[in-house]
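Asker: Just so you know, the protein sequences line up as chains L and B, in that order. The working numbering numbers the first residue of the first sequence as 739 and each following residue consecutively. The working numbering numbers the first residue of the second sequence as 739 and each following residue consecutively. Idealized CB from N, CA, C, for every residue including glycine. Predicted model only: the values in this text are computed from it and were never measured. Okay, handing you the structure first.
There are 2 protein chains.
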Amino acid sequence: MSGGLHGQVVDLLGHEISAGVHPPGSVLRIDGLEERFGISRSVAREVVRTLASIRLVVSRKRVGVVVRPRAEWNTFDPALIRWLLAVDRSAQVRTLAELRTAVEPVAAAAAARNAGHEQAARLVGLAERMVATARAGDLETFLEADVAFHGLVLAASGNEMFAQLEGVFGEVLRWRTGRGLMPEHPEPVALRLHCEIAECVRGGDPARAESAMRELVEEAFAGTLASLTAERRATGSAQ
Amino acid sequence: MSGGLHGQVVDLLGHEISAGVHPPGSVLRIDGLEERFGISRSVAREVVRTLASIRLVVSRKRVGVVVRPRAEWNTFDPALIRWLLAVDRSAQVRTLAELRTAVEPVAAAAAARNAGHEQAARLVGLAERMVATARAGDLETFLEADVAFHGLVLAASGNEMFAQLEGVFGEVLRWRTGRGLMPEHPEPVALRLHCEIAECVRGGDPARAESAMRELVEEAFAGTLASLTAERRATGSAQ
DNA sequence: GATCCCCAATAAGTATGACTTTTGAGGCTG
DNA sequence: CAGCCTCAAAAGTCATACTTATTGGGGATC
């Protein structure tokens, strides 16, 4: 998407609108875009169509391209999530982390009901690898296994909307370790919970899978919140 | 969106792809669309851009417009949700209802933490109206209040991604009563839970708000599942 | 002076055709 | 048979002309 002319302009405008450079209610004009970016009418129009599909703007005859109120933006669109992460990483991570606390426990329960043998086996394998890499202090590989673990739970839930969130939640996980928020050796409690979840999925115990996952993500959410407020205190304000 | 030429074609193609008329991997060509719909190149290209933004297709040079694997579709896009509802209402409602069981309890807890006085008051008012209309047997107004109630909880959660789901979950609720799944006088348990949630939000009791909402939506989900399997048994198969 | 209606200016929507760029496939060469 | 090379197919971009809907204003009417 970043290659073509279209993608570049969409990305730039998307960033700008997300950042509030063009606040809701403000009006862009197709000719304005042509001039500003040195693009042809067709490209400008296609850019607007793309942004309209994300519900960032709406195009009205005799008026122009109007930026919609933020509440109407489709915040589940991966592109928009990226733009919002660039604008205010803390706020977006908080939002996503909270969504995680909602979705993952229910997804774990569903996975315990629906997962096939192969998926369950892979899940157990990932949990084991997490234990091994944690012991070895290999945070890199640990993170990979962690991301794969949670992605697999979402995929195995059998709910395509849960599965959709795999990539986004992976972002959150990567952000946590990227920030150095993870202790050098991941907490034993978290490891135990991962193993328990994997076992419950394999054994078909939705209730325990759900509560274990809930304990896990709520702990992670609390940690995320704490580090966010700490960060805000340190830098003096938002961002 | 249905007015213009663009919207019509997007809608039709969206329906077709969702329905599997063009299975993942199959290839459309811009010229093909021009011919088939009698539209110009510009409109055809904009249609493809829109579908690409929903991640239904990807456009490759020298190849054409390729339908992506279903797992990559952005199933949180309202347009795609509509198309999928038209294809297999049961499956989509099931998916959405399960998403509801995940999100709404956490949203209720967040609302109990974040809701302002005015929002809390309105929530209590809606709960009261539900009790009144239920007693009167006014299912129409009851449904409206119900939809507004759950929408307000999502909005008051302070999480814009939760708030985003208001419209979609409203669809699920409307579907339930539209199907005659609601008893003539809504269950007293559900009414009590709505009131309890409203009180907990006003009083700032996240834990009880969450568990009450969880009880409510899990009950609703079970009812939805039961009626879906009953329907499937009745009609002999899916759809 | 207020109201209503019609019209013209405006900006998006559609159509057309030419030209560019990328890339896959098949043929050519070593 | 492998690797390279050329060619053509299809999307990407551009320029321009024309159509349609909408809004705001100006003039007619009450």
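Can the beta-carbon of residue 783 of chain B be found less than 8 Å from the beta-carbon of residue 780 of chain L?
Answerer: Counted from its first residue, the second sequence places residue 783 of chain B at position 45. Counted from its first residue, the first sequence places residue 780 of chain L at position 42. Yes. Within cutoff.
Asker: Which residue from L/826, L/843, L/755 puts its Cα closest to that of residue 992 of chain L?
Answerer: Absent from the structure is residue 992 of chain L, since the part of chain L shown begins at 739 and ends at 977.
Asker: Going by C-alpha distance, which of B/842, B/831, B/911 is nearest residue 935 of chain B?
Answerer: Residue numbering aside, residue 935 of chain B sits at position 197 when the second sequence is read from its first letter. Nearest option by C-alpha distance: B/842.
Asker: Could you tell me whether the segment 847–854 of chain B touches the segment 876–888 of chain B, using the rule of 3 or more Cβ pairs below 8 Å?
Answerer: No, because fewer than three Cβ pairs between the segment 847–854 of chain B and the segment 876–888 of chain B fall closer than 8 Å, the two stretches do not touch.
Asker: Do residue 899 of chain L and residue 837 of chain B have their C-beta atoms within less than 8 Å of each other?
Answerer: Within the first sequence, the letter at position 161 stands for residue 899 of chain L. Within the second sequence, the letter at position 99 stands for residue 837 of chain B. Against a cut-off of 8 Å, the Cβ pair of residue 837 of chain B and residue 899 of chain L comes out as a contact.
Asker: Note down, in chain order, all residues in the segment 842–856 of chain L with a beta-carbon under 8 Å from any beta-carbon belonging to chain B.
Answerer: Correct list: 843, 844, 845, 848.
Asker: Assign residue 791 of chain L to buried or exposed, taking buried as 16 or more other Cβ atoms, counted over all protein chains shown, within 10 Å of its Cβ.
Answerer: On the first sequence, position 53 is the one that residue 791 of chain L refers to. With 16 or more other Cβ atoms within 10 Å, it is buried.
Asker: Would you identify the three-state DSSP class for residue 965 of chain B, choosing helix, strand or coil?
Answerer: Here residue 965 of chain B refers to the residue found at position 227 of the second sequence. Looking at residue 965 of chain B - three-state DSSP - the assignment turns out to be helix.
Asker: Could you check if residue 947 of chain B is buried or exposed, using at least 16 other CB atoms within 10 Å of its CB as the buried criterion?
Answerer: Locating residue 947 of chain B in the second sequence gives position 209, counting from the first residue. Buried is the call here.
Asker: Tell me where the alpha helix (DSSP H) around residue 780 of chain L begins and ends.
Answerer: Your numbering for residue 780 of chain L matches position 42 in the first sequence. Where residue 780 of chain L is concerned, the enclosing alpha helix (DSSP H) stretches over 779–791.
Asker: Go ahead and pull the three-state DSSP assignment for residue 844 of chain B.
Answerer: Start at 1 with the first residue of the second sequence, and residue 844 of chain B comes out as number 106. Looking at residue 844 of chain B - three-state DSSP - the assignment turns out to be helix.
Asker: Drop a sphere of 10 angstroms on the beta-carbon of residue 972 of chain L, count the other beta-carbons inside from all chains shown, and report buried for 16 or more, exposed for fewer.
Answerer: Taking the first sequence and counting its residues from 1, one reaches residue 972 of chain L at position 234. Exposed.
Asker: CA-CA distance, residue 967 of chain L and residue 785 of chain B?
Answerer: Against the first sequence, residue 967 of chain L aligns to sequence position 229. Against the second sequence, residue 785 of chain B aligns to sequence position 47. Computed Cα separation, rounded: 44 Å.
Asker: Is there a Cβ from chain B that is less than 8 Å from the Cβ of residue 930 of chain L?
Answerer: In the first sequence, residue 930 of chain L corresponds to position 192, counting from 1. Judged by the 8 Å Cβ criterion, residue 930 of chain L is not in contact with chain B.
Asker: Let's test the definition: count the other Cβ atoms within 10 Å of the Cβ of residue 927 of chain B and tell me whether it reaches 16, buried, or not, exposed.
Answerer: Locating residue 927 of chain B in the second sequence gives position 189, counting from the first residue. The residue in question, residue 927 of chain B, is exposed, as its Cβ has fewer than 16 Cβ neighbours within 10 Å.
Asker: Going by CA-CA distance only, name the one from B/969, B/829, B/840 that's closest to residue 956 of chain B.
Answerer: What you label residue 956 of chain B is simply residue 218 of the second sequence in a count that begins at 1. With distances taken between Cα atoms, residue 956 of chain B lies closest to B/840.
Asker: If distances are taken between C-alpha atoms only, which option among L/890, L/873, L/893 comes closest to residue 930 of chain L?
Answerer: Start at 1 with the first residue of the first sequence, and residue 930 of chain L comes out as number 192. If we check each option's Cα against that of residue 930 of chain L, L/873 comes out closest.
Asker: In angstroms with no decimal places, state the Cα-to-Cα distance between residue 811 of chain B and residue 905 of chain L.
Answerer: For this step, residue 811 of chain B is matched to residue 73 along the second sequence. For this step, residue 905 of chain L is matched to residue 167 along the first sequence. Approximately 13 Å, taken between the alpha carbons.
Asker: Among L/944, L/933, L/913, whose alpha-carbon lies nearest the alpha-carbon of residue 830 of chain L?
Answerer: Here residue 830 of chain L refers to the residue found at position 92 when the first sequence is read from its first residue. Cα-wise, what sits closest to residue 830 of chain L is L/913.
Asker: Give me the chain B residues within the contact set of residue 814 of chain L, using Cβ-Cβ distance strictly less than 8 Å, ordered along the chain.
Answerer: Along the first sequence, one-based indexing puts residue 814 of chain L at 76. Neighbours of residue 814 of chain L on chain B, chain order: 812, 814, 815, 899, 902.
Asker: For the alpha helix (DSSP H) containing residue 917 of chain B, list its first residue and its last residue.
Answerer: Taking the second sequence and counting its residues from 1, one reaches residue 917 of chain B at position 179. Premise fails: residue 917 of chain B is in no alpha helix (DSSP H) and is neither H nor E.
Asker: Thinking residue 809 of chain B and residue 901 of chain L are a contact (beta carbons under 8 Å), I'd like their distance in whole angstroms, please.
Answerer: Residue mapping note: residue 809 of chain B aligns to position 71 of the second sequence, counting from 1. Residue mapping note: residue 901 of chain L aligns to position 163 of the first sequence, counting from 1. About 6 Å; that satisfies the 8 Å criterion.
Asker: With 16 as the cutoff for other CB atoms within 10 Å, does residue 748 of chain L come out buried or exposed?
Answerer: Here residue 748 of chain L refers to the residue found at position 10 of the first sequence. Buried, since its Cβ has 16 or more Cβ neighbours within 10 Å.
Asker: Pull up the distance between the alpha-carbon of residue 833 of chain B and that of residue 897 of chain L, whole angstroms please.
Answerer: Stepping through the second sequence from its first residue, residue 833 of chain B is reached at position 95. Stepping through the first sequence from its first residue, residue 897 of chain L is reached at position 159. For residue 833 of chain B and residue 897 of chain L, the distance between alpha carbons rounds to 6 Å.
Asker: Below 8 Å between beta carbons: does that hold for residue 891 of chain B and residue 940 of chain B?
Answerer: Here residue 891 of chain B corresponds to residue number 153 of the second sequence, with the count starting at 1. Here residue 940 of chain B corresponds to residue number 202 of the second sequence, with the count starting at 1. Not in contact: residue 891 of chain B and residue 940 of chain B (Cβ atoms no closer than 8 Å).
Asker: What are the boundary residues of the beta strand (DSSP E) that includes residue 758 of chain B?
Answerer: Counting from 1 along the second sequence, the entry for residue 758 of chain B is found at position 20. Segment: none, residue 758 of chain B is in no beta strand (DSSP E) and carries neither H nor E.
Asker: Could you tell me which chain L residues have their CB closer than 9 Å to the CB of residue 878 of chain B, listed as they occur along the chain?
Answerer: Taking the second sequence and counting its residues from 1, the one referred to as residue 878 of chain B is at position 140. The premise fails here: residue 878 of chain B is roughly 27 Å from chain L at the closest Cβ pair, so nothing lies under 9 Å.
Asker: Verify the CB distance criterion: does residue 780 of chain B have a CB-CB separation below 8 Å to chain L?
Answerer: In the second sequence, the residue the question calls residue 780 of chain B occupies position 42. Yes, because at least one Cβ of chain L sits closer than 8 Å to the Cβ of residue 780 of chain B.
Asker: Tell me the start and end of each unbroken alpha helix (DSSP H) in the segment 857–897 of chain B that is at least 4 residues and wholly inside, in chain order.
Answerer: Counting only runs of 4 or more, we get 877–894.
Asker: If we define contact as Cβ-Cβ less than 8 Å, is residue 757 of chain L a contact residue for chain B?
Answerer: For the purposes of this step, residue 757 of chain L is identified with residue 19 of the first sequence, where counting begins at 1. It does not: the Cβ of residue 757 of chain L has no partner Cβ on chain B nearer than 8 Å.
Asker: Would you say residue 977 of chain L reaches chain B, if we count a Cβ-Cβ gap shorter than 8 Å as a contact?
Answerer: Numbered from 1 along the first sequence, position 239 holds the residue referred to as residue 977 of chain L. In this prediction, residue 977 of chain L has a pLDDT of 40, which is less than 50 and means its spatial position is unreliable; what the coordinates show is noted afterwards. Closer than 8 Å: no.
Asker: At a Cβ cut of 7 Å, what residues of the segment 940–969 of chain B count as close to chain L, listed as they run along the chain?
Answerer: Within the segment 940–969 of chain B, no residue qualifies.
Asker: Which class does residue 800 of chain L belong to by DSSP, given the choice of helix, strand or coil?
Answerer: Counting from one through the first sequence, the residue named residue 800 of chain L turns up at place 62. Residue 800 of chain L: coil per DSSP, three-state reduction.
Asker: For residue 766 of chain B, name the three-state secondary structure that DSSP assigns.
Answerer: Walking along the second sequence from the start, residue 766 of chain B turns up at place 28. Residue 766 of chain B falls in the strand class under three-state DSSP.
Asker: Please name the residue, chosen from L/949, L/864, L/758, L/889, that lies closest to residue 933 of chain L on a Cα-to-Cα basis.
Answerer: Residue mapping note: residue 933 of chain L aligns to position 195 of the first sequence, counting from 1. Per the Cα distances, L/864.
Asker: Is any beta-carbon of chain L found at less than 8 Å from that of residue 836 of chain B?
Answerer: The sequence position of residue 836 of chain B within the second sequence is 98, counting from 1. By this cut-off, residue 836 of chain B is an interface position.
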